[in-house]
Amino acid sequence: MSMWMGFLLIVLGGAMQGTYYLGLKYVEPWKWENIWSVYAFFSLLLLPVAMAAATVPNLAQAVAQSPSAALWGVFLYGLGWGVGSTLSGLGVARLGLAMGVAILLGVTAAIGSFVPLVAKTPQLVFQPKGLMIIVSVITLLIGVLLVAVAGKKREASQAGAVKAVIPGSFATGLVICVMSGIFSSMLNLAFAFSKPVADAAVAAGASPSAALNAVWMVALAGGFLANAVYTCYLMTRNKTWKNFTLPKTGPFWLIGLVMGALWYFGVVLYGRGAASMGDIGSVIGWPVFLAAMIVFSSIWGFITGEWKGSSAQARRFMAGGFVVLMLACVLLGIANRM
């Protein structure tokens, strides 16, 4: 697979992941914990296990022969990501799709790119390619800052209007999204340091591309644990288990399945695309993946009316942030060719 085909797969995966949040908007009278638990079951447990079982021969043997330190490392990174995933749903519900996703993914991009850059390819840090990557990620963060300012101005201009987000403190939502970004970067760390697990899957008979399905199965199992514990806690505290039996909510299970499929296959495409780039894939591919998510989630945010009634100034800041995010993608593309 060519590096440009890998680049395209990463963008397509980002587009899919920038879309799956839409399901949160269309499940009333279910609460957040109801739809999130269904989405987590499909995306983090059922689909990863099914895909690994279908594509990795002797799956149990592959897992058993993986070095325990690497296996636990991938699982724990996935667990940390699961904490960030849980927080992302709460943050997006408070800040809205366009702004919430942009902020948490900007933080995720910075941490998820710099750690593999320093740990796996330290020789590139002070070379032109490495410096271009650093400049690209900084540009991405500037775009995220503009989006955050736009969101604050949107909140002020929409005072008294009907909002497409959960009411609450902007500062609370911002803190949740930043913390989500820190933990969410661990999914890329699980991928970046998963070679021993993938090698064990290859030794058990899997192709190099299919071996990644074993990696995602282990990492996402950790993510499912974090999500399941929190959503079960919320459903018990809020007495919302009964929502699963409410009339006319059967289609919500399908919404959860679609959300899960968009998310899971988006991350599979990212893994395939980044793997085709070699050691630098997790460094360059990760911010491209997240930038694509930001762009598409921003588009959906506008389409679904999150910015209805907002001021012209708020829209200008959002447009400026959008342009800067696109510039960051262009710079990463240049870095990819260097």
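According to the numbering used here, the sequence shown holds residues 46 to 383 in order. The beta carbon of each residue, even a glycine, is placed where N, CA and C say it ideally should be.
Point to revise | For N79, the first and last residue of its enclosing alpha helix (DSSP H) | key: Numbered from 1 along the sequence shown, position 34 holds the residue referred to as residue 79. Run containing N79: W77 to A85, per the alpha helix (DSSP H) assignment.
Review point. Is the Cβ-Cβ distance between V340 and L307 less than 8 Å?
Key: Indexing the sequence shown from 1 puts residue 340 at position 295. Indexing the sequence shown from 1 puts residue 307 at position 262. No.
**Study point:** Among L54, I329 and W77, the one whose alpha carbon lies nearest that of I179
**Key:** The residue labelled residue 179 in the question sits at position 134 within the sequence shown. Considering only alpha carbons, the answer is I329.
Review point. Counting pairs of beta carbons, one from the segment 54-66 and one from the segment 220-231, are three or more of them closer than 8 Å?
Key: no
Review point. For V72, which three-state DSSP category applies?
Key: Reading the sequence shown from its first residue, position 27 is the one you call residue 72. In this structure, V72 counts as coil in the three-state DSSP scheme.
Point to revise | Distance CB(A357)-CB(R199) smaller than 8 Å | key: Mapped onto the sequence shown, residue 357 falls at position 312. Mapped onto the sequence shown, residue 199 falls at position 154. It is not a contact, given that the beta carbons lie outside the stated cut-off.
Review point. Can you tell which of A271, M50 and A249 has its C-alpha closest to the C-alpha of A105?
Key: As a first step, residue 105 must be located in the sequence shown, where it is residue number 60. With distances taken between Cα atoms, A105 lies closest to A249.
Check your understanding: Between K174 and the ligand PLP, is the CB less than 7 Å from at least one heavy atom?
Key -> The ligand PLP is not among the ligands present in this structure, which contains no ligands whatsoever.
Practice item. Apply the 10 Å Cβ neighbour rule to C374 and answer buried if 16 or more other Cβ atoms are within range, or exposed otherwise. Key: In the sequence shown, counting from the first residue as 1, residue 374 sits at position 329. Counting Cβ neighbours within 10 Å, C374 comes out buried, since at least 16 surround it.
Review point. Given N103, which residues of its chain have a CB within under 7 Å of its CB, disregarding the five upstream and five downstream residues?
Key: In the sequence shown, residue 103 corresponds to position 58, counting from 1. Excluding positions up to five away in sequence, the list reads A249 and G250.
**Study point:** For G21, the three-state DSSP class (helix, strand or coil)
**Key:** Here the chain comprises residues numbered 46 to 383, so residue 21 is not present and cannot be evaluated.
Review point. Mapping DSSP to helix, strand and coil, what is K240?
Key: Here residue 240 corresponds to residue number 195 of the sequence shown, with the count starting at 1. Correct three-state label for K240: helix.
Check your understanding: What did DSSP end up calling S321 once you bin it into helix, strand or coil?
Key -> On the sequence shown, position 276 is the one that residue 321 refers to. The answer is coil: DSSP assigns S321 none of H, G, I, E or B.
Practice item. Using three-state DSSP, classify P296 as helix, strand or coil. Key: Counted from its first residue, the sequence shown places residue 296 at position 251. In the structure shown, P296 sits in a helix (DSSP, three-state: H, G or I).
Point to revise | Element boundaries [alpha helix (DSSP H), containing F347] | key: Against the sequence shown, residue 347 aligns to sequence position 302. From DSSP, the alpha helix (DSSP H) with F347 extends over G326 to I348.
Check your understanding: Is the segment 232-246 touching the segment 75-90, taking contact as three or more C-beta pairs under 8 Å?
Key -> The segment 232-246, when compared against the segment 75-90, does not touch it at the 8 Å Cβ threshold.
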